[in-house]
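Student: Protein chains in written order, with this note's numbering: chain Y, 1 to 260; chain G, 1 to 413.
I have a structure I would like to understand better, so I am pasting it below and will then ask my questions one at a time.
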C-alpha cells in the first residue's frame, strides 16, 4: 500500500515552515537529523501505515525558511509546540532522530504531560560520559560526516548515491544551522538532563550498536534521566539508524507507539 | 606613499616531513612539533629584524596573527605591537589586523589598542579582520556569526574610542554593563583603521562605506583592479571619491645582491606547499556560515574535489611571471614594483619580504636592501604618480569625519 504524502507550508514564528504529512491514526511528530532529511524514506512510509505522521523540515533546514534569531534546539522545540497547536492535534507521540531527538527531549521536558510517547533514536542533547564526545562535523568534510553515521557504507550509498551537488549544498546549509543552534557546547545542553525527570510520557531510547557520532553513553544518560524509559540497541547499525535499518527501527517504533 | 615591512613570522624550525606525513600543516597538526627553544630564538630574531626595518627606513611595520599553524607564529598581534610600541621610535605600528569576531570582549580590545597607541606615542594603525575560518575553529568562535560579530565589535570599539563613558552596550553578540575603560587612544578622533582582505566583496563594500583604506593582500593585478572598482562604486554611493589613500597592496618581495640568491630564497614563499595557510581540509578555511552564501555552491564543489580551487594553485614560476612574487637585485625589484604601482595605484604598500626557511643573514640583507634602497625609490616614484598615503592626503579617519561631503555631519565629540 503506497502512502500519500502532502507537503504544506505553515507560517510560524515569522517564518515559512515546510511540513510533510501522510497516513492516518494517532499523530506522530518525526524530527529529523542534523543533516536534514531526504523527502521520503521507507521508515516514514512504514510509520504512515499506522499513524498520522507529521515531518517538518527544521526551521532553516531543507525547504524551511531560516529564522535569523534562532539560537538553540529549545527554540526549535517551541516552534514545534506552536506547529502542533496550529495543526490542532493533541496527545501526540514524538520520534526524534539524532539532533531531532534533542528537540523532542526539549519538547517533552517543557510540557511533561503533553505527549503520548517519546522515542529517541541516537539522540544528541546530553553530554556523553567523561572522555567521550559527540563527533564534531565542523572539522570533517561534507561527505565524510554523514558516511561516518552508517555502520555499512553500502547503506549510505543506497540513499545518497554519488551525492548530488544539491545535496552537498543542503548539507552545508544544515551544518550552518547546526552551528547557529548548537555550536558551544557542541551538540548538547547542560541543563536538559536536569529537566527530564518530570516527563510523564513512556520513553524508548534506541541506539545503533555502532553509532560513531553519538556515544551510547549519551543514550544511557537519557534512559537514566527519563522516568520509566527503556533502552534497546539495533545490531550492525550506525547513527542514522532509521536509514540504515528501516525495518528494525520501524518495528520498534510501531510496537512502542501502539502499545497501550 | 606609506611603505611597510611584513613577515608572517614563520615557525620554520619544525619537521616539515611530519606535516606531510600527517597530511596537514594547520589546525590539527600537533604542536608536539613546536620547539619552544627554537620559538624563543625566532621570536627574538624577528623582533630584532623589525627594529632593523625601522633603522633602515621603513615607514611602518605590518603585523598580523594566526593560530594553530607553523606558517605564522604570532598568535596575538597586540603582543608584538606592544613590544614594538616601546622599542621603536618612528615607524607606524600597523596591525592588519586584530580578528574582531574572535574577541568576547571588544571593550578590552579597545583598551589594549588605546594602551599601544599611548605607549607608541600615537603611532598605532589599528586594522581589523574577520579572521580566517581556521582561526574561528582554533578559538571556538562560531563561524556562522563571523560577519555579524565583526561589524558589531567594530561599532563597539569605535564608540568606546570616541564617546566618553560610562555607557551601556546592548547588542546582538555583545552586552556590556559599564563601558568606561581608563585608557583611551592618543590619536584623535581615533587611530587610523585599515582593513585588509583577499576576496570578500562584502568586506570591500563595507570598508568603502566606512571610508577606511582597503589593503588587498597579494591579489592578482586583475583582481586588485576589480576591488578598486567595487570600492569606488560604494564610495561614490556614500558621497566621496576614492583615491590612492583609500588603497593598499601587499606583495611578496625578496631582495638580495644577486638575482640567483633572491630567487632561491623567494622559493620559500611556497614553503607551505604553496598553500597560504598550510595544507588543510578546505572546510577548515571555510566552515559553514563563514563564507558568503553566494559562494556556497562553488565551495562545496571545490571542497569535495569536484572543482578546482577557485584561487588556483599557480607554480612559483607562474607567480613570478604574473608579478605575484617579485625577486631580484634592488634594481630589478624596483623596476617590477614600479610596474605594479602604476597598475594598482596604492597609497599604502606592504612588502612581505621573508618567509619560510631563509637564513638570518639573508633575511637581514633583504631588509637592508629593501628598506634602504627599494622603498625610497618606490616612494619617490609614487610621489610622481600622486600616490598619497592617508596622512599625506589628510584623509578623514572615518566617513563621519569627512569635510568634503555635502550634508555630512562632522562629529566633533
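We treat Cβ as the ideally placed atom computed from N, Cα and C, and that holds for glycine.
On a predicted model such as this, the values are computed, not experimentally measured, just so you know.
Which one of Y:124, Y:248, Y:35 and Y:21 has the shortest CA to CA distance from residue 223 of chain Y?
Tutor: Comparing Cα positions, the closest option is Y:124.
Student: Interface residues of chain Y around residue 301 of chain G at Cβ under 8 Å?
Tutor: Simply 165 and 168.
Student: Taking the alpha-carbon positions, what's the residue 196 of chain Y to residue 151 of chain G distance?
Tutor: One C-alpha to the other measures close to 39 Å.
Student: Can you tell me whether DSSP reads residue 301 of chain Y as helix, strand or coil?
Tutor: This structure gives no information on residue 301 of chain Y, because the portion of chain Y shown stretches from 1 to 260.
Student: From what residue to what residue does the alpha helix (DSSP H) around residue 93 of chain G run?
Tutor: It is not in any alpha helix (DSSP H) - residue 93 of chain G instead sits in the beta strand (DSSP E) that spans 92 to 99.
Student: For residue 411 of chain G, count the other beta carbons within 10 Å of its own beta carbon; 16 or more makes it buried, fewer makes it exposed. Which is it?
Tutor: Summary for residue 411 of chain G: the model assigns pLDDT 47, below 50, so the residue's position carries little reliability, and this model does not support an answer.
Student: Is the separation between the beta-carbon of residue 319 of chain G and that of residue 325 of chain G shorter than 7 Å?
Tutor: Yes, they are a contact pair.
Student: State buried or exposed for residue 394 of chain G, treating a residue as buried only when at least 16 other CB atoms are found within 10 Å of its CB.
Tutor: By the neighbour-count rule (16 or more Cβ atoms within 10 Å), residue 394 of chain G is not buried but exposed.
Student: Tell me residue 271 of chain Y's beta-bridge partners as DSSP assigns them.
Tutor: Past the edges of chain Y, shown from 1 to 260, lies residue 271 of chain Y, and the structure says nothing about it.
Student: Go through its chain and collect everything with a Cβ distance to residue 127 of chain G's Cβ below 8 Å, but skip five positions before and after it.
Tutor: So the list reads 94, 95, 96, 97, 98, 193, 194, 195, 196 and 215, once near-sequence residues are dropped.
Student: Could you pull the start and end residues of the alpha helix (DSSP H) that residue 259 of chain G belongs to?
Tutor: Per DSSP, residue 259 of chain G belongs to the alpha helix (DSSP H) from 259 to 266.
Student: When DSSP labels each residue in this structure, what does residue 80 of chain G get in the three-state scheme?
Tutor: In this structure, residue 80 of chain G counts as helix in the three-state DSSP scheme.
Student: With 7 Å as the threshold, decide whether the Cβ of residue 101 of chain G is near any Cβ in chain Y.
Tutor: Not closer than 7 Å to any Cβ of chain Y, the Cβ of residue 101 of chain G fails to qualify, so no.
Student: Alpha carbons only, please: which of G:269, G:13 and G:262 is nearest the one belonging to residue 425 of chain G?
Tutor: The structure shown does not extend to residue 425 of chain G, since chain G is modelled only from 1 through 413, so no value can be given for it.
Student: What do you reckon, are the CB atoms on residue 5 of chain G and residue 221 of chain G nearer than 7 Å?
Tutor: It is not a contact, given that the beta carbons lie outside the stated cut-off.
Student: Taking only beta-carbon positions, decide if residue 261 of chain Y is within less than 7 Å of chain G.
Tutor: Coverage of chain Y is limited to positions 1 through 260, which leaves residue 261 of chain Y absent and any answer about it impossible.
Student: Taking the beta carbon of residue 219 of chain Y as the centre, do at least 16 other beta carbons fall within 10 Å, making it buried, or is it exposed?
Tutor: With 16 or more other Cβ atoms within 10 Å, it is buried.
Student: Tell me which residue opens and which closes the beta strand (DSSP E) that residue 7 of chain Y is part of.
Tutor: Looking at the DSSP string, the run of the beta strand (DSSP E) that includes residue 7 of chain Y is 5 to 12.
Student: How long is the line joining the alpha carbons of residue 168 of chain Y and residue 60 of chain G, rounded to whole angstroms?
Tutor: Answer to the nearest angstrom: the Cα atoms are 45 Å apart.
Student: If contact is defined by three or more beta carbon pairs under 8 Å, each pair taking one atom from either stretch, is the stretch 184 to 199 of chain Y in contact with the stretch 120 to 139 of chain Y?
Tutor: Yes, they touch.
Student: By Cβ distance below 7 Å, which residues in the same chain neighbour residue 135 of chain G in space, the five residues on each side in sequence not counted?
Tutor: Once the five neighbours on either side are set aside, the close Cβ partners of residue 135 of chain G are 66, 67, 99 and 102.
Student: List, in chain order, every chain Y residue whose beta-carbon is nearer than 8 Å to that of residue 142 of chain G.
Tutor: In chain order: 179, 180, 183 and 184.
Student: Leaving out five residues on either side along the sequence, give the residues of the same chain with a beta carbon under 6 Å from the beta carbon of residue 5 of chain Y.
Tutor: Once the five neighbours on either side are set aside, the close Cβ partners of residue 5 of chain Y are 20 and 22.
Student: Using a Cβ cut-off of 7 Å, pull out every chain Y residue sitting near residue 297 of chain G, in sequence order please.
Tutor: Here the neighbours are 165 and 169.
Student: Residues bridged to residue 119 of chain Y by DSSP?
Tutor: Y:95 and Y:204.
Student: For a contact meaning CB atoms closer than 7 Å, what does residue 24 of chain G contact in chain Y?
Tutor: Going along chain Y, no residue has its Cβ under 7 Å from residue 24 of chain G, so there is no contact; the nearest lies around 10 Å.
Student: Provide the residue span of the alpha helix (DSSP H) that contains residue 222 of chain Y, from first to last.
Tutor: That run of the alpha helix (DSSP H) goes 216 to 225.
Student: Report the residue from G:23, G:10, G:149 and G:32 whose alpha carbon sits nearest the alpha carbon of residue 42 of chain G.
Tutor: When only C-alpha atoms are compared, the closest one is G:10.
Student: Against chain G, which members of the stretch 126 to 154 of chain Y pass a CB distance test of less than 8 Å?
Tutor: Within the stretch 126 to 154 of chain Y, the residues whose Cβ lies closer than 8 Å to some Cβ of chain G are 138, 139, 140, 141, 142 and 143, listed in chain order.
Student: Locate the beta strand (DSSP E) running through residue 170 of chain G, then write down its first and last residues.
Tutor: Segment 167 to 170, the beta strand (DSSP E) holding residue 170 of chain G.
Student: Inspect the beta-carbon positions of residue 254 of chain G and residue 242 of chain G and report whether they are closer than 7 Å.
Tutor: No. Outside cutoff.
Student: Would you say residue 176 of chain Y faces chain G, with C-beta separation under 7 Å as the test?
Tutor: Closer than 7 Å to some Cβ of chain G, the Cβ of residue 176 of chain Y qualifies, so yes.
Student: Under 8 Å: do the stretch 379 to 396 of chain G and the stretch 170 to 182 of chain G share three or more Cβ pairs, one atom per stretch?
Tutor: Touching, no, given that fewer than three Cβ pairs across the two stretches are closer than 8 Å.
Student: For residue 160 of chain G, which residues from the same chain have a beta carbon less than 7 Å from its beta carbon, with the 5 sequence-adjacent residues on both sides left out?
Tutor: 107, 110, 179 and 181.
Student: Tell me the rounded alpha-carbon separation between residue 193 of chain Y and residue 165 of chain Y.
Tutor: Between residue 193 of chain Y and residue 165 of chain Y, the C-alpha separation is close to 38 Å.
Student: Once you ignore the five residues that flank residue 87 of chain G on each side, which residues in its own chain have a CB closer than 7 Å to its CB?
Tutor: So the qualifying residues of the chain are 51.
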